[in-house]
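Numbering (the working numbering), first residue to last: 10 to 155.
Right, here's the structure in full:
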């Protein structure tokens, strides 16, 4: 029975990994962005180290000889992996959302700027006027009031 549990522990330590956000190094030359794009990466070193420390502590304490006690190691390893995936995944989603918003506002080739440019060109083509600043808006109101 202990042999099966030790194989289970070994397999769980080999398959589980800690997740962490990593910065991607892509710099579009046409716009300078302050934020960086993030990617979720897997690092097996963290959970292997954590599992090794837990295994060493449990085996040296001489109090862990039951199957239930030995089952704690793989469960703890998977719990660490799941927790790191949830936390790191949330960081990546929020960071990439902020990066996308900044990219849409600063880059000339962004989808949002292209759409607004086509819209203002269409308005101007049919005889409309686009207002670019608050000064233009105030001037337009003054002309209409006189």
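Ideal placement from N, C-alpha and C gives every residue a C-beta, glycine not left out.
**Message:** Run through the DSSP bridge pairs and tell me what residue 49 is partnered with.
**Reply:** Taking the first residue of the chain shown as position 1, residue 49 is located at position 40. Paired residue(s): 30.
**Item:** Helix, strand or coil at residue 78 according to DSSP, with G and I counted as helix
**Value:** Taking the chain shown and counting its residues from 1, one reaches residue 78 at position 69. In this structure, residue 78 counts as helix in the three-state DSSP scheme.
**Prompt:** Should the segment 76-91 be called in touch with the segment 136-144, which here means at least 3 C-beta pairs below 8 Å?
**Reply:** no
**Asked** To the nearest whole angstrom, what separates the beta carbons of residue 113 and residue 121, a pair I think is in contact under 8 Å?
**Response** For the purposes of this step, residue 113 is identified with residue 104 of the chain shown, where counting begins at 1. For the purposes of this step, residue 121 is identified with residue 112 of the chain shown, where counting begins at 1. Yes, residue 113 and residue 121 are in contact; Cβ-Cβ is about 4 Å, under 8 Å.
**Asked** Which residue comes first and which comes last in the alpha helix (DSSP H) that contains residue 152?
**Response** As a working note, residue 152 is residue 143 in the chain shown. Run containing residue 152: 143-154, per the alpha helix (DSSP H) assignment.
**Rounded separation between residue 159 and residue 153 - CA only** = Missing from the structure shown is residue 159; the chain here goes from 10 to 155 and no further.
**Request:** Go ahead and label residue 102 buried or exposed: buried means 16 or more other beta carbons lie within 10 angstroms of its beta carbon, across all protein chains shown.
**Result:** Taking the chain shown and counting its residues from 1, one reaches residue 102 at position 93. Looking at its Cβ environment, which holds fewer than 16 other Cβ atoms inside 10 Å, residue 102 is exposed.
**Request:** Quick one: grab the DSSP three-state call for residue 111.
**Result:** The residue you call residue 111 lines up with position 102 of the chain shown. DSSP places residue 111 in helix when its eight states are reduced to three.
**Item:** Reduced DSSP category for residue 86 - H, G, I as helix; E, B as strand; rest coil
**Value:** In the chain shown, counting from the first residue as 1, residue 86 sits at position 77. In this structure, residue 86 counts as helix in the three-state DSSP scheme.
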